[in-house]
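Comments concern the structure below.
Chains as they are written, first to last, in the numbering used here: chain A, 218 to 737; chain B, 22 to 343.
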């Protein structure tokens, strides 16, 4: 038996996550992913006014804020029979676009980059660039004062860590610049969203903020500044890393996993809603030729086989319940195990790009020999950020045109009151992947509520058939030459942009001694 | 560049002082010179520990949305952020050591985000330990404790779930906790409260719910720009109608008259907007009743009925033009 190590908690992600791996001959042989925090929102919603759901579920997550608000509103739209007017859809698109930009930026620079950078290499920078020397002065100044929190303490750099002072110092500068830029993206969203994080203006039937022309102008002007950063800094950084120091990791496809991909599709490009910026679809096994099949929501089931809920066979989310059972010793996570046609799926930017047959990502695969895995996920995230920025200009133009026409509408007021009975599903692509909300209404109140979130797909535990979830599978074979230094494990996990929050400890099962390790 | 205080340029520093001054509204107490002297006299940056329990990280993300001072200057120049799961480079034993060392040193500001499960410790475990224990241990030598967001302050949304989320004050009954409710916490409220404490070495004056009066002293209704429409009972019913665009949102479930916060004056995201200006009713997220007792959020219910009854009884004064 190999050496079993526990990583709990993993930092720089959202939520509380524990990863256990078994290491044999310097590689991960088996893995377990556990969500260690629960709040039980679905049970809270029972018996409430259905319209509360979009506000309450927004609080599922404050990092990918409001993706639940919109998925929930879409489920309500379906259950109420509401048709969101084109003005309302455009406003929803714009605020969600702003959320994507902030989220992808903060993930790359602030949550992930530290896994790949030897930050202290900036001290060796010898160049003359005044802006970069200011960064050097800042970091060296912190070191001299003996207070470098929160950049240090950190993980010991390994063979994949970038330590070229020129590259590192510009990356650190961009880390600081991106801190500013992510504020801008949130503030841009607040122009129509009311505030950010947690927008206020997405409700069943549409939107509450009646826009004026100055708001659109302000939004657009902020978008210009962000677009410049995305095109001139973010994308070049990802390209420089992916085709430079990280190319071996990229070509080895480290962190690939099951190679099944699912996207629900998102961002209506026209009033009928038939044309989407991201297409929906399913890829069952990339090795099978990458054929994209159509998505059928009836094939979704959730298993509680390994989760701390009352034991129950896998069910469609409409039928699912949430009854905690903390006594089950065969369970190891609060995360349930969603499956599509009984198969675990990866969701997120890479899944969207592959389902979309995005030419840039296909080019990386075909020409650069990049295989789907941790590095490809970062690339897909950057590529789609640009795609969204470009689309947002179009939505600004369309909104301006729509606003100047008579009978401009943002809300379906005729369908505001809850129906006596009904059910609806709301699908959306969150930055982290496919997100679905399901609601059942009885006597004008919520009679059932379930959400299957992206990190449930990715972080799921084993199902009835013993099949691992995508985090678990993606860790198999990952090189861990030194069990006390499992940096590759967290690199792979962070590439998914987990929505659970944590740090890493290693447990030696023979001595039961908790040995703790630095995880950068 | 003139360095007013280590690592901070004079320009940044003036911005910082501006924020504090505006925050506190006590111009003579918080002159640039006094703030500068206070912060300079601190031999080093004040240590801060930020713990996350049953949270959504929304308060962290809100804190990182403050514009002046910038997040970078806050994190790197103003405070010494010793432990924050979502931000710190370290984890594992170095992170834990940083936490342990800071606890031994004492004198840190402890910020708590998220509630604590009352139903069972196992609903929130960090590093294999109940979050409740970690919080109690860390609170012992904290110089100040700030509960950010509705969950840490009063239990918030998790209060109504089967996990029975409880506030920090219930886990730490012997401590004075500065509550900064709202969901998420207002970025200015956190920054201003930290700086107030660093400058004065004490908590700002608090109301009976332990909220700083400087932020929670007046109701949302008192400062609402739709207030005159409330007086005249012009209630918005259709968000599409430009004529009703600025009418009172009571009929859509607004809880402004029973909610205490400076949102209408301060607004959110560097003053860009806030709920009511975006046509969205105030949901009372700064009150202990948030969320369960405030449901339904988007319709008339117990809260709005009470407001209308008070209005009928003449207990809600009309807006006066001064």
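No residue lacks a Cβ here, since even glycine has one placed at the ideal position from N, Cα and C.
What you are looking at is a predicted structure, and each value in this text was computed from that prediction instead of being measured.
At least 8 Å separates the CB of residue 157 of chain B from every CB of chain A. Taken through DSSP and simplified to helix, strand or coil, residue 585 of chain A comes out as coil. Among the residues facing chain B, residue 526 of chain A is not included, as its CB has no counterpart in that chain under 8 Å away.
Those residues of the segment 252-263 of chain B placed with their C-beta closer than 8 Å to a C-beta in chain A are 258, 259, 260, 261 and 263, ordered along the chain. Scanning chain A for C-beta atoms nearer than 7 Å to the C-beta of residue 213 of chain B yields nothing, as the closest lies near 17 Å away. Pairing residue 451 of chain A with residue 322 of chain A gives a Cβ-Cβ distance under 8 Å. Cα atoms of residue 261 of chain B and residue 136 of chain B: separation of roughly 38 Å, rounded to the nearest angstrom. Look at the segment 630-658 of chain A and you find these whole runs of beta strand (DSSP E), each 3 residues long or longer: 639-647. Annotation: residue 289 of chain B is outside any alpha helix (DSSP H) and is labelled neither H nor E by DSSP. Within chain B, the residues 86 and 290 have their CB atoms less than 7 Å from the CB of residue 403 of chain A, given in chain order. Comparing C-alpha distances from residue 327 of chain B to each of B:272, B:160, B:186 and B:288 shows the shortest one belongs to B:272. Residue 494 of chain A sits close to residue 604 of chain A, with the two beta carbons spaced by under 8 Å. At least one CB of chain B lies nearer than 8 Å to the CB of residue 543 of chain A. Within the segment 272-301 of chain A, the residues whose Cβ lies closer than 7 Å to any Cβ of chain B are, in chain order, 272, 273, 276, 277, 278, 279, 280 and 282. Using a C-beta cut-off of 8 Å, the segment 677-695 of chain A makes contact with the segment 519-530 of chain A, since at least three inter-stretch Cβ pairs fall below that distance. The DSSP assignment places 452-459 and 464-469 as complete runs of the alpha helix (DSSP H) inside the segment 449-503 of chain A, in order along the chain (cut-off: 4 residues). In terms of beta-carbon proximity, residue 77 of chain B lines the interface with chain A, with at least one pair separated by less than 8 Å. Listed as beta-bridge partners of residue 71 of chain B by DSSP are B:105 and B:132.
For residue 141 of chain B, the C-beta contacts it makes with chain A under 7 Å involve 543, in order along the chain. Around residue 143 of chain B, the same chain offers 151 as residues with beta carbons nearer than 8 Å, after the five sequence neighbours per side are excluded. For secondary structure counted as the beta strand (DSSP E) over 3 or more consecutive residues, the segment 399-452 of chain A holds no complete run.
The secondary-structure analysis by DSSP pairs residue 245 of chain A across a beta bridge with A:240. Non-local C-beta neighbours of residue 468 of chain A in its own chain, meaning closer than 8 Å and more than five positions away in sequence, comprise 585, 586, 587 and 588, ordered along the chain. The Cβ neighbour count for residue 431 of chain A, taken over all protein chains shown within 10 Å, is under 16; the residue is labelled exposed. DSSP places residue 171 of chain B inside the alpha helix (DSSP H), whose first and last residues are 170-175. For residue 477 of chain A, the closest of A:379, A:582 and A:564 by C-alpha to C-alpha distance is A:564.
Around residue 151 of chain B, no beta-carbon contact reaches into chain A at under 9 Å, the shortest distance being about 11 Å. Rounded to whole angstroms, residue 175 of chain B and residue 673 of chain A show a C-alpha spacing of 28 Å. The way I'd put it, the segment 285-292 of chain A does touch the segment 655-675 of chain A; three or more beta-carbon pairs between them come closer than 8 Å.
For the segment 275-301 of chain B, residues whose beta-carbon sits nearer than 9 Å to a beta-carbon of chain A comprise 284, 288, 289, 290, 291, 293, 294, 295, 296, 297, 298, 299, 300 and 301. In the displayed model, residue 314 of chain A falls within a helix according to three-state DSSP. DSSP places residue 702 of chain A outside both helix and strand once states are collapsed to three, so it counts as coil. CA-CA distance, residue 475 of chain A to residue 650 of chain A, rounds to 16 Å.
Spanning the alpha carbons of residue 575 of chain A and residue 599 of chain A requires a straight line of approximately 12 Å.
Residue 272 of chain A is not bridged by DSSP to any residue. For the segment 308-336 of chain B, the set of positions with a beta-carbon nearer than 7 Å to some beta-carbon of chain A reads 312, 316, 317, 318, 319 and 320 in chain order.
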